[in-house]
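Single-structure report; data block below.
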Ligand code: N01
């Protein structure tokens with residue numbers, strides 16, 4: 121069978137590049153590959169583009185990064201920049217944005233939608249990747265780019281009795297596209313991470329009774345969202361070049377300035393005032409602009425954690441509920457969410473908090489959920505239980521490198537790769553959003569990584585290389601640097617008690633290791649530039 125570059129023809133014999141995913145990462149990778157003159161075929165298990173934003177349609181879903189930088193520079197360079205109507209765009213707007221990216225860049229023609237990749241196996245004899253999809257088709261490609269997403273394999277609690285439950289069950293990350301009627305329902309929401317804190321206030325608005333089942337308390341900061349006037353939208357578009365520059369050079373890829381202050385160098389009154397200002401500004405500005413050492417030094421962190429704990433007690437009227445909602449681990453050890461009126465929801469009479477560490481969840485029943493000490497009768501259970509972070513979706517691809525080595529075995533005892541993208545023993549295989557990626561603003565990371573992958577491949581093609589492979593010693597040296605930073609982090613020290621997914625601690629039996637590169641996104645991007653400027657010393661291109 122032959123392949124056309126539009127991906128719409130029948131199963132193909134030999135393709136230049138297969139890209140998996142149609143979120144920010146997959147779309148930019150698909151575009152960059154085509155731009156380099158490569159035939160690209162892309163797969164997406166959803167029925168359209170969007171990735172995260174295709175699946176997470178739950179009420180209240182919105183990005184907690186501002187639309188001024190939650191966007192693709194690549195796209196702004198080519199077509200008239202998109203104006204988001206709100207400071208923090210809601211899910212329908214982000215999905216519409218990605219739809220427009222796909223339309224304007226004519227990307228849909230490369231995709232097979234509704235198709236999952238089941239196996240990605242390196243064939244040593246041909247130097248090609250064999251890719252199998254769930255519709256039984258086989259493909260062969262020189263290069264494979266996985267852009268399956270970091271938070272895309274939903275975590276579903278293993279609770280017995282689900283089949284007996286007479287009500288409805290939804291997972292936030294598999295929310296139906298058709299409207300879901302929750303009006304007047306008795307609802308249980310399990311989980312208080314970023315998804316939970318967004319859906320809980322929405323559920324509280326419509327439910328006749330809302331149970332919030334919390335395993336680990338969360339620090340939530342107000343988002344301080346607003347609708348943007350036409351003038352504000354215009355001003356924002358004008359300032360995009362400046363924002364882009366700030367974002368490129370920032371550890372979290374956000375245009376927020378560090379204060380240059382230590383939380384330990386000011387008086388108690390000054391510190392309180394600064395945290396108060398940060399709270400009023402909201403979102404990630406609270407964390408980034410207050411003090412530089414709250415994420416790195418325990419003593420400095422204690423000041424912000426204590427301040428936030430007191431804040432929860434000042435908002436939540438019932439002191440017992442407030443105490444249950446108050447975390448005891450250091451702020452930032454789990455990814456800090458920002459939301460709208462999360463803690464305030466618990467002041468409503470029909471909202472009840474259940475602390476699962478005191479009152480464990482046992483099973484579903486016909487009428488609802490069974491706790492160790494009582495039964496909750498509900499019509500709807502909402503699982504806001506998160507994801508199998510990074511490796512969950514990657515392992516589902518069943519990737520096997522040289523000598524048939526599965527990726528899951530390669531990382532069984534420790535995470536390792538070069539710049540989060542490539543691995544020795546997995547030639548011509550690239551991961552966008554692999555372990556040890558720098559946290560931070562995802563669209564920026566996704567497009568910087570896509571461009572890097574395209575540049576590496578273009579260099580290989582220029583040298584007529586059949587194999588592009590990270591050198592083992594280069595990978596080892598990079599991982600030693602990554603691990604050294606990780607070992608000094610608060611996440612490594614305190615993440616376990618907090619069930620931090622960034623440490624694999626939200627899933628029993630998962631590798632416990634810091635899944636992030638903590639040196640900052642800009643250091644990784646500089647390293648990409650260094651590779652290009654020095655002739656790609658990290659790779660064998662043969
Ligand atoms: O997932 P989470 P999420 N029984 O893992 C609980 C991005 N995101 O979907 O902490 C009972 O943070 C779990 O408890 P514990 C963002 O990167 C962004 O909310 O493990 N509870 C926790 O409370 C974010 O960080 C946005 O003890 C169970 C919750 O479920 C990431 O996605 C919006 C349980 C899961 O929280 C993930 O967020 C949404 C069980 N068996 C998501 N299993 C924005 O930009 C899990 N839990 C705003």
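Numbering (our numbering), first residue to last: 121 to 662.
Glycine residues also receive a C-beta, built at the ideal position from the N, C-alpha and C atoms.
Rounded to whole angstroms, what's the CA-CA distance from residue 261 to residue 138? Just pull it up for me.
-> For the purposes of this step, residue 261 is taken as residue 141 along the chain shown, with counting starting at 1. For the purposes of this step, residue 138 is taken as residue 18 along the chain shown, with counting starting at 1. Cα to Cα, the separation comes out at about 6 Å.
When DSSP labels each residue in this structure, what does residue 526 get in the three-state scheme?
-> The residue labelled residue 526 in the question sits at position 406 within the chain shown. Strand.
Distance between residue 501 and residue 488 (C-alpha atoms, nearest Å) | Counting from one through the chain shown, the residue named residue 488 turns up at place 368. Counting from one through the chain shown, the residue named residue 501 turns up at place 381. Their backbone Cα atoms lie some 8 Å apart in a straight line.
Quick one: which unbroken beta strand (DSSP E) runs of 3-plus residues sit fully inside the region 595 to 643? Chain order, please.
-> none
Could you give the DSSP three-state label for residue 148: helix, strand or coil?
-> Here residue 148 corresponds to residue number 28 of the chain shown, with the count starting at 1. Of the three classes helix, strand and coil, the one that applies to residue 148 here is helix, per DSSP.
Would you report the Cα separation of residue 472 and residue 341, rounded to the nearest angstrom?
-> Mapped onto the chain shown, residue 472 falls at position 352. Mapped onto the chain shown, residue 341 falls at position 221. So the two alpha carbons sit approximately 21 Å from each other.
For residue 317 versus residue 411, is the C-beta distance shorter than 8 Å?
-> Numbered from its first residue, the chain shown carries residue 317 at position 197. Numbered from its first residue, the chain shown carries residue 411 at position 291. It is not a contact, given that the beta carbons lie outside the stated cut-off.
Given a cut-off of 8 Å, decide if residue 533 and residue 627 are closer than it, judged by their beta-carbon atoms.
-> By 1-based counting over the chain shown, the position of residue 627 is 507. By 1-based counting over the chain shown, the position of residue 533 is 413. It is not a contact, given that the beta carbons lie outside the stated cut-off.
Tell me, which residues are paired with residue 320 by DSSP?
-> As a working mapping, residue 320 is identified with position 200 in the chain shown. According to DSSP, residue 320 bridges with nothing at all.
Cα separation between residue 499 and residue 435?
-> Residue numbering aside, residue 499 sits at position 379 when the chain shown is read from its first letter. Residue numbering aside, residue 435 sits at position 315 when the chain shown is read from its first letter. Distance between the alpha carbons of residue 499 and residue 435 is about 29 Å.
What do you reckon, is the C-beta of residue 557 under 7 Å from a heavy atom of ligand 1?
-> Reading the chain shown from its first residue, position 437 is the one you call residue 557. Incorrect: residue 557 has no Cβ contact closer than 7 Å to ligand 1.
Which residues mark the beginning and the end of the alpha helix (DSSP H) in which residue 672 is found?
-> A query on residue 672 cannot be resolved here, the shown segment of the chain reaching from 121 to 662 and no further.
Which residues bound the beta strand (DSSP E) around residue 258?
-> Along the chain shown, one-based indexing puts residue 258 at 138. First-last of the beta strand (DSSP E) with residue 258: 258 to 266.
For residue 136, count neighbouring C-beta atoms within 10 Å of its own C-beta (all shown protein chains included) and say buried if the count is 16 or more, exposed if not.
-> As a working mapping, residue 136 is identified with position 16 in the chain shown. Residue 136 comes out buried.
Relative to the alpha-carbon of residue 351, which residue among 203, 284, 246 has its alpha-carbon at the smallest distance?
-> The residue given as residue 351 occupies position 231 in the chain shown. If we check each option's Cα against that of residue 351, 203 comes out closest.
Does ligand 1 have even one heavy atom less than 7 Å from the beta-carbon of residue 507?
-> Here residue 507 corresponds to residue number 387 of the chain shown, with the count starting at 1. It does: the Cβ of residue 507 is within 7 Å (strictly closer) of some heavy atom of ligand 1.
Would the C-beta of residue 455 count as close to ligand 1, meaning under 7 Å from any of its heavy atoms?
-> By one-based count along the chain shown, residue 455 stands at place 335. Residue 455 Cβ: within cutoff of ligand 1.
Hey, out of 166, 300, 174, 195, whose CA is closest to residue 215's CA?
-> Taking the first residue of the chain shown as 1, we reach residue 215 at position 95. Cα-wise, what sits closest to residue 215 is 174.
How about the region 236 to 248 and the region 511 to 524: do they share at least three Cβ pairs that are nearer than 8 Å?
-> yes
Taking Cβ to Cβ, would you say residue 235 is nearer than 8 Å to residue 246?
-> Your numbering for residue 235 matches position 115 in the chain shown. Your numbering for residue 246 matches position 126 in the chain shown. Not in contact: residue 235 and residue 246 (Cβ atoms no closer than 8 Å).
At least 3 beta-carbon pairs within less than 8 Å: the region 186 to 206 vs the region 279 to 291 | no
Rounded straight-line distance, which links the Cα of residue 335 to that of residue 353 | Residue 353 sits at position 233 when you count from the first residue of the chain shown. Residue 335 sits at position 215 when you count from the first residue of the chain shown. Computed Cα separation, rounded: 40 Å.
Could I get the ranges of all uninterrupted alpha helix (DSSP H) runs contained in the region 180 to 251, with 4 residues as the minimum, in chain order?
-> 193 to 198, 211 to 224
With respect to the alpha helix (DSSP H) encompassing residue 407, which residues constitute its N-terminal and C-terminal limits?
-> In the chain shown, counting from the first residue as 1, residue 407 sits at position 287. Here the alpha helix (DSSP H) through residue 407 covers 404 to 410.
How many angstroms separate the CA atom of residue 613 from the CA atom of residue 311?
-> As a working note, residue 613 is residue 493 in the chain shown. As a working note, residue 311 is residue 191 in the chain shown. Rounded to the nearest angstrom, the two C-alpha atoms are 23 Å apart.
Express the C-alpha separation of residue 538 and residue 255 in angstroms, rounding to a whole number.
-> Counted from its first residue, the chain shown places residue 255 at position 135. Counted from its first residue, the chain shown places residue 538 at position 418. Cα-Cα distance, rounded: 33 Å.
Residue 277: beta carbon under 7 Å from a heavy atom of ligand 1?
-> Counting from 1 along the chain shown, the entry for residue 277 is found at position 157. Yes.
Are the beta-carbon atoms of residue 218 and residue 160 separated by less than 8 Å?
-> Here residue 218 refers to the residue found at position 98 of the chain shown. Here residue 160 refers to the residue found at position 40 of the chain shown. Taking 8 Å as the Cβ cut-off, residue 218 and residue 160 do not qualify as a contacting pair.
By Cβ distance below 7 Å, which residues in the same chain neighbour residue 128 in space, the five residues on each side in sequence not counted?
-> For the purposes of this step, residue 128 is identified with residue 8 of the chain shown, where counting begins at 1. The predicted model places residue 128 with a pLDDT of 44, which falls under 50 and marks its position as unreliable; any figure quoted below should be read in that light. Closer than 7 Å at the Cβ level, and outside the excluded window around residue 128, lie 229.
Quickly, what does DSSP pair residue 288 with across the bridge? List them, please.
-> As a position in the chain shown, residue 288 is number 168, starting the count at 1. Paired residues: 500.
Where residue 167 falls, given that 16 or more other Cβ within 10 Å makes a residue buried = For the purposes of this step, residue 167 is taken as the residue at position 47 of the chain shown. Flag for residue 167 reads exposed.
Where does the unbroken alpha helix (DSSP H) through residue 331 begin, and where does it stop?
-> Counting from one through the chain shown, the residue named residue 331 turns up at place 211. Segment 329 to 334 is the beta strand (DSSP E) holding residue 331; no alpha helix (DSSP H) there.
Report the residue from 661, 588, 528 whose alpha carbon sits nearest the alpha carbon of residue 630.
-> In the chain shown, counting from the first residue as 1, residue 630 sits at position 510. When each option's Cα is compared against that of residue 630, the closest is 528.
Hey, residue 588 and residue 265 are a contact pair by Cβ (cut 8 Å); roughly how many whole angstroms apart?
-> Within the chain shown, the letter at position 468 stands for residue 588. Within the chain shown, the letter at position 145 stands for residue 265. Rounded, the Cβ-Cβ distance is 12 Å, inconsistent with contact.
Is residue 661 helix, strand or coil by DSSP?
-> Here residue 661 is taken as the residue at index 541 of the chain shown, counted from 1. Three-state DSSP puts residue 661 in a strand.
Would you mind giving the Cβ-Cβ distance between residue 633 and residue 624, rounded to the nearest angstrom? I have them listed as a contact below 8 Å.
-> For the purposes of this step, residue 633 is taken as residue 513 along the chain shown, with counting starting at 1. For the purposes of this step, residue 624 is taken as residue 504 along the chain shown, with counting starting at 1. About 6 Å; that satisfies the 8 Å criterion.
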